[in-house]
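According to my numbering, the stretch in the sequence shown is residues 2 to 697, in order.
Worksheet: the structure to be examined is printed underneath.
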Amino acid sequence: MNFPRDYGDRVYAGWLGKCIGVRFGAPLENWTYEEIRDNLGELTGYVAEDRGKIFKPDDDTSVPLILLGALEKHPAPSEITAADFGDALLNAVGCEHGSFWWGGYGISTEHTAYLNLLGGIPAPRSGSIAQNGKALAEQIGGQIFSDIWGLLLPNNPRDAADLSERAASVSHDGAGLHGARFIAATVSAAFSERDPRRLIEIGLEQVPHDSDYDRVMRAMLAFHTTCSDDWRAAFAYLKANFGYQHYAGIVPIIPNAGVVALGLLYGAGDFSRAIQIANMAGWDTDCNVGNVGAIMGVSVGINGIEARWREPMNDLLITASLIGTHSLLTIPGCADRLVRLGQQLTGGESDPRAPRCHFTYPGSTGNFQAWGDKGRPIHLLQTQVNGVPVLRTAIRKLNKKGEIRVFTRTHYRTSELGSNYYGAAFTPLLYPGQTIRARMQIPSDAPDTIHAALFVYDVNHQKLHQAAAEPLMAGEWHDLTYTVPPMTDALISQVGVLLRNTGELWETGSFHLEHLDWGGAPQFLGTFAHAIPETGAISEWTYWRGYWRLEDGAYHGSGVLENESYTGDIGWKDYTITAELTPLIGDHHLIMARVQGALHSYAFGLSPDGTVTLYKKTRKNQAVASAAFVWRMGESVRLKLTVRGNRLIAEVDGCGQHQRLAWNDDESPYLNGQIGLACWHGSHTAYHMIEVGKEH
């Protein structure tokens, strides 16, 4: 395979282009060309959004990242099946909420496929024409989620197309699969080909000849040959011959495929012009502009994307996943994941894990911000210092006893989003007990009165916590470390570096951050005292299924089937979770550990007939250890579950008893994951507190 030398930068540019396109197109979704023309005129930049709000999650970016989960379990492309992609979807999507449009069975293609999978209809039958009919199977979703396969397999259009077809077949068929193949192949080819016409021709090599998809694309190529300077005439031709009126369903793929060709051809190799034309054509704007942005981003690279598209984004990406830490992402972080998987897929050596926050991609800012008190940070810019890529914060006056904070967000309230109809829910990226590390520098001409410290901000208590400040030697690199102390009911929403000046005015200067990272076991106590309702559950928690809410100061869960709610980081490894709960109705009241999604976890708790049971879930829960424990409805108990490597130790105290279970998982153990709470099969449980600590 012809693996490009600048692979990482081009992946970053392609995913950035995708995210720009989705954001540019989202406010105009389902507008017609005429509505855009008559009300907005020529589109040259982002349409005004909610002022002061964060751009919403979107299925165009959420679902592809969810589907990537299949590759992390099966890194060889030949081993990955449609069923694996179906499992990835079931694992990271809430039951009929979040991630995509839940428009109803037989109406929404993805909703229909999800319920098919949940009901035991396997992929690819779950998305087939035979199962769901042609109109539903040939909607746009097969196309909009497929850019990533081209990013993973550069200069390999055939394999990218094959992988995209398996992923898309979970929910689509027919023209839906043709669109997936075309987009993946075109993105893959864009690593070495810049001519838009040639890119379309390469993509069509992976689509059946004389299919509807092939016909619309070749019709646009032919029209462009005869009329290459009037995109509006080309759109009129597309609308008359391949418009929505010719196809069934709410968002048919064929007309929108024509818009992708329109943007590429008439954009003539210019990123901005291509996405502007695709957006002005209307129809499914966020999808079409996202596809064009991904193709063009890879093709032109970072230098071909104007700063005016990048700066408002600041590298932040909000998505919607059942795994709450996967809902708050950065575009460089996504690129790191894609690059690592791409290297694995092609049999190359994967780079060691990069720090969570780094600035090696040209122009990347990683969603960092700056704030000052008696100090003015005026500009954040990715640059290099003696060949080291850094985030530079320009400083205009840092007074005596002044302070500047340079930080990134580790949690958002859903109220901070412009809208949330795709159901984002966040769990914090950083918790008390974890250790933060950073590397930074101030220039050689800085005064010797500058001190630095790592800090976190607890938004629940509106309190800043910091390490002891260290004096900085100008021109030298400094490695900072801070272990966040254990806390109660804390919600860490910021992490970063603060600078303080103990001397006279620092008139002008800069601060250089090379990287910031954190890890280790958490250590905290939660009583739900500061929790608020959010996205079907409460702040800091996601839920898979059931009715979750605050009542009388406790977190309550109830429902018909297996009802579960999660928090924490999927990367946590060895730890102990303790919870105090009261069983109110039913036979199953549990805590969970090493939760890797809806299909993979451990659980322990009260079970029928006066027992406590330890379970392992691999799609379905299986009891692996049990013991007698006479529990009574309405009487509180304390459950404790410790995970250490492949060993699980479970304990329960209450009702005048103590019981302990131990079990070794010697068959494919889960070695990392979130924590959770569960009440199954008609049960109702009140949870009064949880505590998470380092295992002993």
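Glycine included, every Cβ here is placed at the ideal spot set by N, Cα and C.
Keep in mind the model is a prediction, meaning the values are calculated, not measured.
- Segment contact: the stretch 80-90 against the stretch 124-141, three or more CB-CB distances shorter than 8 Å; contact assigned.
- Taking Asn315 as reference, the option from Gly424, Cys20, Trp372 with the minimal CA-CA separation is Cys20.
- One Cα belongs to Gly9, the other to Tyr362, and the distance between them is close to 8 Å.
- Judged by DSSP secondary structure, Gly294 falls within the alpha helix (DSSP H) whose first and last residues are 286-301.
- DSSP, read as helix, strand or coil, puts Asn315 in coil.
- Between Asp231 and the set Ser328, Ala262, Trp545, Tyr267, the nearest pair of CA atoms involves Tyr267.
- With at least 16 other beta carbons inside 10 angstroms of its own, Tyr556 counts as buried.
- A distance below 7 Å between beta-carbons, with the five flanking residues on each side excluded, links Ala336 to the following residues of its chain, in chain order: Gly9, Val12, Tyr13, Trp16, Tyr362.
- Between Asn289 and Gly46, the beta carbon gap of about 17 Å keeps them out of contact (Cβ cut-off 8 Å).
- By alpha-carbon distance to Ile303, the top candidate from Asp271, Tyr671, Gly510 is Asp271.
- A direct Cα-to-Cα measurement between Glu312 and Ile251 gives close to 34 Å.
- Counted as a single uninterrupted DSSP element, the stretch harbouring Ser602 is not any alpha helix (DSSP H) but the beta strand (DSSP E) occupying residues 601-608.
- In summary, His210 is exposed, with fewer than 16 beta-carbon neighbours lying within 10 Å of its beta-carbon over all protein chains present.
- The C-alpha of Thr320 lies about 44 Å from the C-alpha of Val631.
- In this model, Val460 and Ser494 are separated by some 6 Å (Cα to Cα).
- C-alpha of Ile571 to C-alpha of Gly598: approximately 9 Å in a straight line.
- Judged by DSSP secondary structure, Lys402 falls within the beta strand (DSSP E) whose first and last residues are 389-410.
- Annotation for Gly373: the continuous beta strand (DSSP E) segment containing it runs 369-386.
- Fewer than three beta-carbon pairs drawn from the stretch 603-611 and the stretch 529-549 are found closer than 8 Å, and the two stretches are therefore not classed as touching.
- About 7 Å separates the CB atoms of His531 and Leu492; that is less than 8 Å, so the two are in contact.
- C-alpha of Trp507 to C-alpha of Lys375: approximately 11 Å in a straight line.
- In the DSSP secondary-structure assignment, Gln658 is bridged to Gly655.
- For the pair Asp60 and Trp102, the CB atoms are nearer than the 8 Å cut-off.
- Asn368 has its alpha-carbon roughly 15 Å from the corresponding atom of His327.
- Between Tyr671 and Leu678, the C-beta gap is not smaller than 8 Å, which leaves the two residues out of contact.
- With respect to the C-alpha of Arg195, the residue from Glu477, Ser300, Leu164 having the closest C-alpha is Ser300.
- Contact between Lys401 and Gly521 is ruled out by a C-beta separation of about 36 Å, above the 8 Å threshold.
- Following the DSSP letters along the chain, one finds Cys680 inside the beta strand (DSSP E) bounded by residues 675-681.
- By the Cβ neighbour-count rule, Lys621 is exposed, with fewer than 16 other Cβ atoms within 10 Å of its own.
- Our two residues, Ile149 and Leu118, have alpha carbons roughly 23 Å apart in a direct line.
- Excluding its 5 nearest sequence neighbours in each direction, Val64 has C-beta neighbours in its own chain below 7 Å: Ser100, Phe101, Phe146, listed in chain order.
- Lys57 counts as buried, since no fewer than 16 other beta carbons sit within 10 angstroms of its beta carbon.
- Here the C-alpha atom of Gly298 lies approximately 30 Å from the C-alpha atom of His112.
- Around the beta-carbon of Gly105, fewer than 16 other beta-carbon atoms lie within 10 Å, marking it exposed.
- Residue environment: Tyr422 is assigned as exposed (fewer than 16 neighbouring CB atoms within 10 Å of its CB, all protein chains considered).
- Proximity to Phe224 across Asn40, Ala235, Asp215, Tyr214 peaks at Ala235, based on C-alpha coordinates.
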